[in-house]
Structure formats: structure tokens, C-alpha cells
Ligand code: KIV
Ligand code: NA
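In UniProt numbering, the protein residues as written are 14 to 283.
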């Protein structure tokens with residue numbers, strides 16, 4: 014089957030067919046998630062946390078993210094690959110945004126880019142769309158603004174804040190984005206936004222009324238340590254599975270049970 018493309022996502026919204034998006038930052042997960050039916054892969058700046066070990070998404074650079082995006086593109090033939098524009102790589106204005114997005118399209122082969130913000134980034138979105146670069150918006154809680162927003166908190170609670178989320182969604186859609194991530198917004202706000210914008214909404218902590226959902230893969234497969242955000246469902250416990258397996262390997266190396274004869278080669282001196 015051919016690659017998922019932007020019109021497929023639009024048609025899914027019209028049909029009322031929901032689809033899944035998941036982050037990916039490397040070859041094996043990209044191929045596996047695609048095989049499992051994930052329509053869109055996000056090379057998120059969450060790689061700051063999940064790959065590079067930073068404690069926020071702010072430090073990751075374009076040069077750190079591009080090789081991961083290239084790996085994901087190279088490893089798939091069916092999923093749509095979206096790359097995040099890192100903090101500091103698009104805020105200056107449309108020209109900076111276009112220069113950065115162009116690098117993701119040329120050097121990584123990304124199919125689309127994502128950037129955070131509503132009304133304040135419509136000029137950037139317009140510029141990219143005019144250049145033929147599909148843009149996914151991201152509103153509600155935007156992790157790159159965590160310091161301005163006062164930490165990880167729900168956005169759009171109360172009438173005024175809910176109006177702001179809706180206005181951001183409408184502005185992003187009007188600027189030409191092909192989809193919008195809604196992060197940590199109340200369910201009724203996500204529902205109304207989803208009804209009022211013609212483009213697909215991709216929820217994370219935004220309820221089941223969105224057109225699609227996205228999660229960070231290490232969160233939903235149980236690699237992340239500590240308390241998970243409320244919006245994550247943990248579908249597997251890879252920390253336990255991998256920890257047990259590696260522990261056995263360590264033990265068997267120590268005892269000499271690994272490697273066994275079938276893992277070895279003969280020949281050499283006669
Ligand atoms: O970077 C990321 O993983 C994201 C998603 C959680 C939407 O932006
Ligand atoms: Na992100």
C-alpha cells in the first residue's frame with residue numbers, strides 16, 4: 014500500500030474515521046509502528062527527553078533532530094512523517110521558520126512539519142504553506158512555552174481561556190495548516206474545536222472527540238519512569254520486559270551459560 018498523504022487525513026475526518034499517531038525517533042520503532050497501523054509518525058522534539066535525556070524540550074536543536082527524522086523517513090514507506098520544529102528555530106518570523114522547515118524537508122525527507130502556537134505563529138504557517146510545506150499546528154498546552162505557561166497545566170479552562178483555544182484553532186486552520194494537535198485541553202473544548210475546524214484535530218489529553226490521537230511511544234509502552242501524565246494509557250511494560258531480559262543476559266554471561274555452542278564458530282588452528 015502507498016504512503017498516507019494529507020488528503021487521506023482530510024477524507025478520514027469527513028468519513029468520521031479516527032486514526033492514530035505516535036512518536037518515533039529511530040528505524041526499528043518506525044518500521045514496527047507503521048506495520049502496526051499507525052498512520053502518522055511524529056519525530057517530536059520530545060526526543061529531547063526520550064532520546065537525549067534533557068529535562069525539557071527546550072534544549073534540543075535542529076541538528077539533533079534532523080538525523081532522527083531522516084532515520085524514520087528511511088525506515089517507512091506507508092506512514093506520514095511529521096517533524097517538530099524545535100524551540101528557537103521558528104519564533105523570529107516566517108523567514109526563519111521557512112529556513113528551518115526547508116532543512117527538515119530537504120535533509121530529512123520529512124513529509125510535513127509541526128510547530129507550536131496559535132494566533133502568534135500564523136505568519137509562519139502561511140509562509141510554509143505558500144512554499145508547499147504541509148504544517149501541523151499545536152495548541153493548548155505547548156511544552157516549549159512551559160515557563161511562560163507556569164508548568165504542565167490544562168489550557169482552556171474557563172470561558173475566556175476556552176475562547177482563546179478556539180480562536181487559536183481557527184487561526185491555525187485559516188492559515189492553512191492540515192491538522193492541529195490539541196494538548197491538554199478540556200474535552201468540551203476539544204469537541205467544539207473539532208466540530209468547528211475543517212481540518213483534523215489530533216488530541217493528547219484532549220478526549221475522544223478529536224479526529225485522531227497522539228502519544229509519546231516510551232510513555233504508552235512503559236519505558237518512562239515515574240508518574241505518567243493523566244492522559245497516557247500504558248499499553249505495555251517494556252521497562253519490565255527489557256529489564257528482566259537484560260538481567261538474564263548479565264547473569265548468563267557471568268555464569269558462562271551464554272554464549273552456548275550454537276552461538277560460536279569452529280575452525281582456527283588444527
Ligand atoms: O514532541 C512531541 O512528542 C509532541 C507530541 C506529544 C504532540 O509534540
Ligand atoms: Na513536540
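By construction, the Cβ of each residue, glycine as well, lies at the ideal position given by its N, Cα and C atoms.
- Around the Cβ of residue 108, a 10 Å sphere holds fewer than 16 other Cβ atoms; the residue is exposed.
- Contact between residue 232 and residue 245 holds, with the beta-carbon distance rounding to 5 Å and staying under 8 Å.
- In the DSSP annotation of this structure, the continuous segment of the beta strand (DSSP E) that includes residue 193 starts and ends at 192 to 196.
- Check the Cα spacing between residue 254 and each of 267, 234 and 242: the tightest is with 234.
- Taking 3 residues as the shortest admissible run, the stretch 155 to 239 contains the following complete beta strand (DSSP E) segments, listed from N- to C-terminal end: 192 to 196, 214 to 217 and 225 to 228.
- Boundaries of the beta strand (DSSP E) around residue 148: 148 to 153.
- Environment of ligand 2, chain-ordered: 57, 58 and 97, taking every residue with Cβ within less than 5 Å of a heavy atom.
- In the DSSP assignment, residue 97 forms a beta bridge with 127.
- Ranked by Cα distance from residue 99, the first of 82, 78, 118 and 62 is 78.
- Nearest C-alpha to residue 156 among 215, 196 and 19: 196.
- The continuous alpha helix (DSSP H) containing residue 40 extends over residues 40 to 48.
- Only residues of its own chain outside the window of five on either side were considered, and among them 231 have a CB closer than 6 Å to the CB of residue 63, listed in chain order.
- Counting only residues of its own chain and dropping the five nearest sequence neighbours on each side, residue 123 has a CB closer than 8 Å to the CB of 56, 82, 86, 94, 95, 96 and 117.
- Residue 92 places its beta carbon less than 8 Å from that of residue 17.
- Taking 7 Å as the cut-off, one finds at least one heavy atom of ligand 1 near enough to the beta carbon of residue 217.
- Of the heavy atoms belonging to ligand 1, at least one sits nearer than 7 Å to the Cβ of residue 55.
- For ligand 1, a non-hydrogen atom lies closer than 7 Å to the CB of residue 196.
- Going by DSSP, residue 53 is part of the beta strand (DSSP E) stretching over 53 to 56.
- At the C-beta level, residue 106 and residue 148 stay beyond 8 Å of one another.
- With fewer than 16 other CB atoms across the displayed protein chains lying within 10 angstroms of its CB, residue 282 is exposed.
- With fewer than 16 other Cβ atoms inside 10 Å of its own Cβ, residue 273 counts as exposed.
- Going by C-alpha positions, residue 65 is about 13 Å away from residue 39.
- DSSP places residue 255 in the uninterrupted alpha helix (DSSP H) bounded by 251 to 268.
- Below 8 Å, enough C-beta pairs join the stretch 199 to 211 and the stretch 151 to 171 to call them touching: three or more.
- Taking 7 Å as the cut-off, one finds at least one heavy atom of ligand 1 near enough to the beta carbon of residue 36.
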